[in-house]
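Undergrad:
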Amino acid sequence: MSTAEKPAVPEKPALEGLETKWQRQWEASGTYKFDRAKTRDEIYAIDTPPPTVSGSLHIGHVFSYTHTDVIARFQRMRGKDVFYPMGWDDNGLPTERRVQNYYGVRCDPSLAYDPNFQPPAEPPKQPISISRPNFVELCLRLTREDEKAFEHLWRYLGLSVDWSMTYATIDKRSQRASQTGFLHLLKKNLAYQLEAPTLWDVDFRTAVAQAELEDREREGAYHRLRFDRADADSGAAVEIETTRPELLPACVALVAHPDDERYKPLFGKDVLTPLFRSRVPVRAHALADPEKGSGIAMICTFGDITDVTWWRELSLPVRAVIQPNGTLKPLTWGDAGWESQDAAAAQKAYNEIAGQSTNKARTRIVELLREAGALIGEPRPIMHNVKFFEKGDRPLEIVTSRQWFIKTIEFRPALIERGRQLQWHPEYMRVRYENWVNGLNGDWCISRQRFFGVPFPVWYPLNKDGGIEYARPIVPDQSRLPIDPSVDVPDGFTSAQRGQPGGFAGDPDIMDTWATSSMTPQIAGGWGEDDDLFTRVFPMDLRPQAHDIIRTWLFSTVLRSHLEHNSLPWLHAAISGFVTDPDRKKMSKSKGNVVTPFALLEEHGSDGVRYWAASGRPGGDTVFDPSQMRVGRRLAIKLLNASKFVLAKPEPLGPITEIADRGMLTRLADVVDLATTSLASYDYTPAMEKSESFFWFFCDDYLELVKARRYGDHGEAAAGSANSAMLLALDTLLRVFAPFLPFVTEEVWSWWKSGSVHRAPWPVAREVLGPIGGGDPHAADVLMEGCRVLGEVRKRKSEEKKPLRTPVVSATIRAPQQNLDLLDEVWRDVSASGCFQASPRKEVSETFESVYELGEPEPKQRTPA
RNA sequence: GGGCGGUUAGCUCAGCGGUAGAGCACCGGCUUUACACGCCGGCUGUCACAGGUUCGAAUCCUGUACCGCCCACCA
Numbered sequence: 024m025s026t027a028e029k030p031a032v033p034e035k036p037a038l039e040g041l042e043t044k045w046q047r048q049w050e051a052s053g054t055y056k057f058d059r060a061k062t063r064d065e066i067y068a069i070d071t072p073p074p075t076v077s078g079s080l081h082i083g084h085v086f087s088y089t090h091t092d093v094i095a096r097f098q099r100m101r102g103k104d105v106f107y108p109m110g111w112d113d114n115g116l117p118t119e120r121r122v123q124n125y126y127g128v129r130c131d132p133s134l135a136y137d138p139n140f141q142p143p144a145e146p147p148k149q150p151i152s153i154s155r156p157n158f159v160e161l162c163l164r165l166t167r168e169d170e171k172a173f174e175h176l177w178r179y180l181g182l183s184v185d186w187s188m189t190y191a192t193i194d195k196r197s198q199r200a201s202q203t204g205f206l207h208l209l210k211k212n213l214a215y216q217l218e219a220p221t222l223w224d225v226d227f228r229t230a231v232a233q234a235e236l237e238d239r240e241r242e243g244a245y246h247r248l249r250f251d252r253a254d255a256d257s258g259a260a261v262e263i264e265t266t267r268p269e270l271l272p273a274c275v276a277l278v279a280h281p282d283d284e285r286y287k288p289l290f291g292k293d294v295l296t297p298l299f300r301s302r303v304p305v306r307a308h309a310l311a312d313p314e315k316g317s318g319i320a321m322i323c324t325f326g327d328i329t330d331v332t333w334w335r336e337l338s339l340p341v342r343a344v345i346q347p348n349g350t351l352k353p354l355t356w357g358d359a360g361w362e363s364q365d366a367a368a369a370q371k372a373y374n375e376i377a378g379q380s381t382n383k384a385r386t387r388i389v390e391l392l393r394e395a396g397a398l399i400g401e402p403r404p405i406m407h408n409v410k411f412f413e414k415g416d417r418p419l420e421i422v423t424s425r426q427w428f429i430k431t432i433e434f435r436p437a438l439i440e441r442g443r444q445l446q447w448h449p450e451y452m453r454v455r456y457e458n459w460v461n462g463l464n465g466d467w468c469i470s471r472q473r474f475f476g477v478p479f480p481v482w483y484p485l486n487k488d489g490g491i492e493y494a495r496p497i498v499p500d501q502s503r504l505p506i507d508p509s510v511d512v513p514d515g516f517t518s519a520q521r522g523q524p525g526g527f528a529g530d531p532d533i534m535d536t537w538a539t540s541s542m543t544p545q546i547a548g549g550w551g552e553d554d555d556l557f558t559r560v561f562p563m564d565l566r567p568q569a570h571d572i573i574r575t576w577l578f579s580t581v582l583r584s585h586l587e588h589n590s591l592p593w594l595h596a597a598i599s600g601f602v603t604d605p606d607r608k609k610m611s612k613s614k615g616n617v618v619t620p621f622a623l624l625e626e627h628g629s630d631g632v633r634y635w636a637a638s639g640r641p642g643g644d645t646v647f648d649p650s651q652m653r654v655g656r657r658l659a660i661k662l663l664n665a666s667k668f669v670l671a672k673p674e675p676l677g678p679i680t681e682i683a684d685r686g687m688l689t690r691l692a693d694v695v696d697l698a699t700t701s702l703a704s705y706d707y708t709p710a711m712e713k714s715e716s717f718f719w720f721f722c723d724d725y726l727e728l729v730k731a732r733r734y735g736d737h738g739e740a741a742a743g744s745a746n747s748a749m750l751l752a753l754d755t756l757l758r759v760f761a762p763f764l765p766f767v768t769e770e771v772w773s774w775w776k777s778g779s780v781h782r783a784p785w786p787v788a789r790e791v792l793g794p795i796g797g798g799d800p801h802a803a804d805v806l807m808e809g810c811r812v813l814g815e816v817r818k819r820k821s822e823e824k825k826p827l828r829t830p831v832v833s834a835t836i837r838a839p840q841q842n843l844d845l846l847d848e849v850w851r852d853v854s855a856s857g858c859f860q861a862s863p864r865k866e867v868s869e870t871f872e873s874v875y876e877l878g879e880p881e882p883k884q885r886t887p888a
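So the first sequence is numbered by my numbering: it starts at 24 and just counts up by one.
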């Protein structure tokens with residue numbers, strides 16, 4: 024299938040419509056179909072990031088997914104069978120939130136399923152409460168719509184995905200993999216359940232993981248409070264500073280540094296909390312910072328993570344006041360755990376804040392403290408960082424609840440080692456991973472008190488009194504997975520026994536979205552259900568992703584693979600940066616600076632947008648820049664037109680003998696080598712850049728230089744040499760550009776070749792140099808000298824404001840001997856291209872000060888051949 | 001507080017030990033038989049700053065400043 028009989032070169036080639044035309048053709052021909060008959064070493068497997076379908080796609084997605092596609096296309100042309108599925112992340116809170124707003128509904132798990140429920144056409148002001156199954160149905164309905172829109176965009180962008188291999192993080196396969204993985208961990212005692220203080224979002228009313236935290240700067244204030252000594256004989260008081268005085272009723276101790284001379288005498292002694300008159304000990308702990316506040320802090324259950332550490336390490340009692348909804352719980356002072364030297368006064372004070380949110384309670388308790396004389400001075404306003412759930416609106420609290428955890432902390436050294444085995448692109452991103460692993464302060468909490476997600480495949484027996492026996496979970500046989508314990512019944516029970524004493528109860532929680540996403544290599548690779556496929560693709564070759572989710576997605580995937588398979592999930596991680604606006608801020612929906620990607624693809628062409636994306640180096644943030652897209656579009660158009668010119672004579676017409684042709688191919692071979700090296704090392708940017716600059720040289724200098732000869736001005740052999748050389752160059756260039764500009768290269772390829780350029784072999788220098796018997800650096804020097812002189816002539820004509828076809832009547836070329844010698848060898852082409860009417864005088868000179876005398880341009884052109 | 005990137009022409013960036021580069025923008029030309037969605041030419045810089053290594057530094061080392069980001073037990 025060398026060349027077609029007659030090339031179908033359009034009269035006026037254009038980019039418009041190529042996206043639609045070729046995405047259809049690729050689908051019809053199965054161009055990107057994965058061939059599962061191949062063995063692991065013949066396969067290049069990609070663990071695609073499943074985009075969150077409930078969010079909208081923005082230009083950042085187009086940017087980073089293009090990078091992956093460039094690599095995929097390169098590897099495919101290198102002969103690998105590319106395993107490139109697409110996933111959709113439809114699991115979790117973002118979907119829930121979108122469904123709530125889109126349909127105007129709220130999930131109420133206590134309601135029964137209504138098979139006839141249909142959401143109203145317009146979301147009502149007052150949300151409708153619906154059952155969990157109804158809610159999940161709406162989630163699935165909406166995500167299906169979103170997924171269609173995403174796929175449409177991806178196809179239009181030209182991602183070379185095998186679209187028969189999509190998965191969604193909520194689908195049956197994902198649920199099965201997710202639940203299987205969980206049960207394995209449970210069996211190996213690597214997953215466990217614990218009632219413990221947990222980071223808690225009071226609006227979503229769910230536990231969240233450390234990886235989902237973010238700091239936000241908020242106003243706060245230092246309040247200096249006086250604690251009296253409990254021993255009657257001592258009047259000396261202790262002063263502490265706190266930003267959260269409303270937690271005073273939850274105070275269980277004071278703490279200072281063991282070496283702090285100021286407080287040493289107090290260690291082991293008791294003090295009384297103001298207002299509530301609870302007796303609490305003064306303790307020593309190395310985490311207390313003598314420089315902060317007054318050097319002594321109050322420990323509450325629980326104000327922050329440090330409180331949890333102190334509480335655990337000092338074996339302090341629990342005195343919790345924050346409820347799951349963020350308000351202070353009602354309680355009776357004087358009861359066990361709530362001892363007070365003056366229960367009546369404590370109760371009176373507490374009643375002022377009970378049931379209130381932390382903010383309101385804070386305001387009120389400050390007034391009470393002031394009245395009681397326990398507030399020293401006035402609160403001093405400060406700005407400080409407060410921990411938030413990244414999707415939340417109010418500061419996180421710490422609430423004690425029963426949650427599932429995956430053991431993480433004990434594997435830190437092994438995980439660091441895994442990170443070192445992984446090849447990072449760019450290399451410095453490894454540091455972020457190590458920072459994260461080293462900073463972990465607890466096991467991974469994977470349970471969420473939400474509705475749309477993968478349920479825990481666990482039931483619990485109920486004892487005679489109907490109490491849940493958490494210590495004896497009932498798990499299903501693997502063959503039953505996936506299951507929903509709120510619907511399915513454990514073996515040996517009947518559904519009538521649900522919730523009955525002596526019966527069973529399903530675990531009500533769902534898994535954190537990352538608990539499922541951390542298994543994308545297993546899900547996409549068919550782990551547990553198509554093990555033949557799995558062994559062919561796992562461990563995968565590439566995980567492409569952005570740097571903001573190293574601590575979540577990348578980390579958790581490495582962890583799960585380490586625990587499940589004792590291996591890395593992939594060999595390479597390619598980390599892309601962000602798209603920023605011109606002020607260097609990340610473009611995001613919340614900042615209101617996003618641009619709809621589809622409009623950009625239509626305006627600049629997918630190839631144009633991909634060109635801009637490919638200019639962003641791995642790991643580097645890139646400015647959103649439509650002018651670069653225009654440059655890419657121009658490049659694509661230039662490819663069409665140059666190809667049309669080259670393909671005017673689509674058959675090689677003879678051996679490549681002319682020196683300019685040999686020089687051009689020699690330079691091209693260098694470009695091929697460089698592009699290959701750069702792409703093979705995941706550094707696609709130089710490949711694009713060098714190919715592009717060579718191509719413009721090819722068009723504007725080389726083609727102009729040999730044009731006349733190619734038209735036959737110097738005989739058939741000379742014309743044939745040019746023709747054969749430019750055909751070979753075009754063939755090579757189309758393949759080099761194919762990963763970056765898949766549409767235009769495929770279009771041109773179709774004019775004269777059969778099959779897809781994207782299945783053509785990646786070019787190698789040997790093939791380019793074969794017809795000229797190897798590289799010829801001298802020929803390249805000759806070519807460049809010819810171009811240099813041509814440049815001088817053009818400059819002269821431009822300065823004289825004359826057309827380029829203006830003849831050079833006479834010339835004196837001054838240059839070093841070496842240059843003059845080179846020029847001699849290519850003079851015929853230079854003379855024709857520069858319109859020299861006579862041979863120039865040549866003078867040896869160390870400087871280049873040639874003189875060109877211009878004549879009058881010929882009024883009439885010769886007719887085309 | 002610790003760390004990672006970055007700082008080169010108005011803009012976006014390449015160069016990473018040997019006389020400062022590209023594209024865009026801007027200005028001036030040119031209907032040249034592939035392309036006016038084009039072509040030719042021009043203008044533009046104490047390579048953030050300060051030291052050091054070197055025959056020679058944008059390039060290597062040390063420090064400083066600023067920008068962006070990551071991490072941290074921020075009472």
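Beta carbons: idealized from backbone N, C-alpha and C, even for Gly.
1) How many Å lie between A731 and R819 at the Cα?
2) Hey, is the segment 175–187 in contact with the segment 76–90, meaning 3+ C-beta pairs nearer than 8 angstroms?
3) For the segment 287–299 and the segment 330–341, state whether three or more C-beta atom pairs, one from each stretch, are separated by less than 8 angstroms.
4) How do the segment 566–575 and the segment 500–517 stand: do at least 3 beta-carbon pairs fall below 8 angstroms, yes or no?
5) Whole alpha helix (DSSP H) runs in the segment 706–773 with 4 or more residues, listed along the chain?
6) For E170, collect the residues of the same chain with a Cβ closer than 6 angstroms to its Cβ; drop the 5 residues on either side in sequence, then sort them by chain order.
7) Between which two residues does the beta strand (DSSP E) containing Q568 stretch?
8) Which partner residues of G243 appear in the DSSP bridge assignment?
9) Which of the three DSSP states is assigned to I682 in this structure?
10) Rounded to whole angstroms, what is the Cα-Cα separation between G415 and Q123?
11) Can you give the beta carbon distance from E218 to R425, rounded, assuming they're within the 8 angstroms contact cut?
12) Is the CB-CB distance between V278 and I319 below 8 angstroms?
13) Kindly indicate the opening and closing residues of the beta strand (DSSP E) around D224.
14) Looking at R99 and L504, is the spacing between their C-beta atoms short of 8 angstroms?
15) According to the neighbour-count rule (16 or more other Cβ atoms, all chains shown, within 10 Å of its Cβ), is T870 buried or exposed?
16) With burial defined as no fewer than 16 other Cβ atoms inside 10 Å of the residue's Cβ, what is the status of P418: buried or exposed?
17) Could you please give the first and the last residue of the uninterrupted beta strand (DSSP E) stretch that includes H448?
18) Cβ atoms of P143 and F474: under 8 angstroms apart, would you say?
19) For the candidate residues S704, H448, S773, E681, whose alpha-carbon lies nearest to that of D799?
20) DSSP state of T423, grouped into three classes?
21) With DSSP collapsed to three states, give me the class of L165.
22) Going by C-alpha distance, which of M321, R164, P33, G797 is nearest H246?
23) Mapping DSSP to helix, strand and coil, what is W593?
24) Where do the ends of the beta strand (DSSP E) carrying K820 lie?
25) Which of the three DSSP states is assigned to L248 in this structure?
26) Within a Cβ cutoff of 6 angstroms, which residues of the same chain sit near G615, ignoring the five residues on either side of it in sequence?
27) Measuring only the C-alpha atoms, how far is G809 from N746?
28) Buried or exposed: which applies to I69, given that a residue is buried once 16 or more other Cβ atoms fall within 10 Å of its Cβ?
29) Hey, S744 and P673 are a contact pair by Cβ (cut 8 angstroms); roughly how many whole angstroms apart?
30) If you compare alpha carbons, which of H81, T62, L658 is closest to A622?
31) Could you give the distance in angstroms between the alpha-carbon of E790 and the alpha-carbon of A692?
32) Here's a check: name, in chain order, each residue in its chain whose Cβ is nearer than 8 angstroms to the Cβ of S613, leaving out the five neighbours to either side.
33) When you compare each of D564, A191, D185 to L594 by their alpha carbons, which one comes out closest?
34) Would the segment 816–836 and the segment 851–861 be scored as touching if the rule is three or more Cβ pairs under 8 angstroms?
35) Once DSSP output is grouped into helix, strand and coil, what is the label at A494?
36) DSSP beta-bridge partners for Y483?
TA: Short version:
1) Numbered from 1 along the first sequence, position 708 holds the residue referred to as residue 731. Numbered from 1 along the first sequence, position 796 holds the residue referred to as residue 819. C-alpha separation (whole angstroms): 21 angstroms.
2) Pairwise C-beta distances place the segment 175–187 in contact with the segment 76–90, as three or more of them are shorter than 8 angstroms.
3) no
4) no
5) DSSP runs (the alpha helix (DSSP H)) wholly in the segment 706–773: 707–720, 727–733, 739–760.
6) Reading the first sequence from its first residue, position 147 is the one you call residue 170. Result list for E170: V76, W111, in chain order.
7) For the purposes of this step, residue 568 is identified with residue 545 of the first sequence, where counting begins at 1. If you look at Q568, you'll find it in the beta strand (DSSP E) that goes 563–569.
8) Translated into the one-based positions of the first sequence, residue 243 becomes position 220. Answer by DSSP bridge pairing, in chain order: I405.
9) The residue labelled residue 682 in the question sits at position 659 within the first sequence. If DSSP states are grouped into helix, strand and coil, I682 belongs with the helices.
10) For the purposes of this step, residue 415 is taken as residue 392 along the first sequence, with counting starting at 1. For the purposes of this step, residue 123 is taken as residue 100 along the first sequence, with counting starting at 1. Approximately 15 angstroms between the Cα atoms of the pair.
11) Locating residue 218 in the first sequence gives position 195, counting from the first residue. Locating residue 425 in the first sequence gives position 402, counting from the first residue. Contact flag correct, Cβ pair sits at about 5 angstroms.
12) In the first sequence, counting from the first residue as 1, residue 278 sits at position 255. In the first sequence, counting from the first residue as 1, residue 319 sits at position 296. Taking 8 angstroms as the Cβ cut-off, V278 and I319 qualify as a contacting pair.
13) Counting from 1 along the first sequence, the entry for residue 224 is found at position 201. It spans 214–224 - the beta strand (DSSP E) in which D224 sits, taken as one unbroken run.
14) As a first step, residue 504 is located in the first sequence; it is residue number 481 there, counting from the start. As a first step, residue 99 is located in the first sequence; it is residue number 76 there, counting from the start. No, they are not a contact pair.
15) Within the first sequence, residue 870 is the residue found at index 847, counting from 1. Classification of T870: exposed, given that the 10 Å Cβ count is below 16.
16) The residue you call residue 418 lines up with position 395 of the first sequence. P418 comes out buried.
17) Here residue 448 is taken as the residue at index 425 of the first sequence, counted from 1. First-last of the beta strand (DSSP E) with H448: 446–448.
18) Here residue 474 refers to the residue found at position 451 of the first sequence. Here residue 143 refers to the residue found at position 120 of the first sequence. No. Outside cutoff.
19) For the purposes of this step, residue 799 is taken as residue 776 along the first sequence, with counting starting at 1. Closest option to D799, Cα to Cα, is E681.
20) Mapped onto the first sequence, residue 423 falls at position 400. The answer is strand: DSSP assigns T423 an E or B state.
21) For the purposes of this step, residue 165 is taken as the residue at position 142 of the first sequence. Here L165 carries a helix assignment [DSSP, helix/strand/coil].
22) Numbered from 1 along the first sequence, position 223 holds the residue referred to as residue 246. Checking every option, the nearest Cα to that of H246 belongs to M321.
23) What you label residue 593 is simply residue 570 of the first sequence in a count that begins at 1. The answer is strand: DSSP assigns W593 an E or B state.
24) Residue mapping note: residue 820 aligns to position 797 of the first sequence, counting from 1. Per DSSP, K820 belongs to no beta strand (DSSP E); it is in the alpha helix (DSSP H), 800–822.
25) One-based indexing of the first sequence puts residue 248 at position 225. Residue state, collapsed to three classes: strand.
26) The residue you call residue 615 lines up with position 592 of the first sequence. Summary for G615: the model assigns pLDDT 47, below 50, so the residue's position carries little reliability, and this model does not support an answer.
27) Here residue 809 refers to the residue found at position 786 when the first sequence is read from its first residue. Here residue 746 refers to the residue found at position 723 when the first sequence is read from its first residue. Looking at the two C-alpha atoms, the distance is approximately 19 angstroms.
28) Mapped onto the first sequence, residue 69 falls at position 46. So I69 ends up on the buried side.
29) Reading the first sequence from its first residue, position 721 is the one you call residue 744. Reading the first sequence from its first residue, position 650 is the one you call residue 673. In this structure, S744 and P673 do not form a Cβ contact; the two beta carbons are roughly 16 angstroms apart against a cut-off of 8 angstroms.
30) Here residue 622 refers to the residue found at position 599 when the first sequence is read from its first residue. The candidate whose alpha carbon is nearest that of A622 is H81.
31) Numbered from 1 along the first sequence, position 767 holds the residue referred to as residue 790. Numbered from 1 along the first sequence, position 669 holds the residue referred to as residue 692. Between E790 and A692, the C-alpha separation is close to 9 angstroms.
32) One-based indexing of the first sequence puts residue 613 at position 590. Its pLDDT being 49, under 50, S613 is placed unreliably by the model, and the measurement read from it follows with that caveat. Same-chain partners within the cutoff: there are none.
33) Walking along the first sequence from the start, residue 594 turns up at place 571. Ranking the options by Cα distance to L594, first place goes to D564.
34) yes
35) The sequence position of residue 494 within the first sequence is 471, counting from 1. Per DSSP, reduced to three states, the secondary structure at A494 is coil, with no helix or strand assignment.
36) Position 460 of the first sequence holds residue 483. BP columns for Y483 point to A528.
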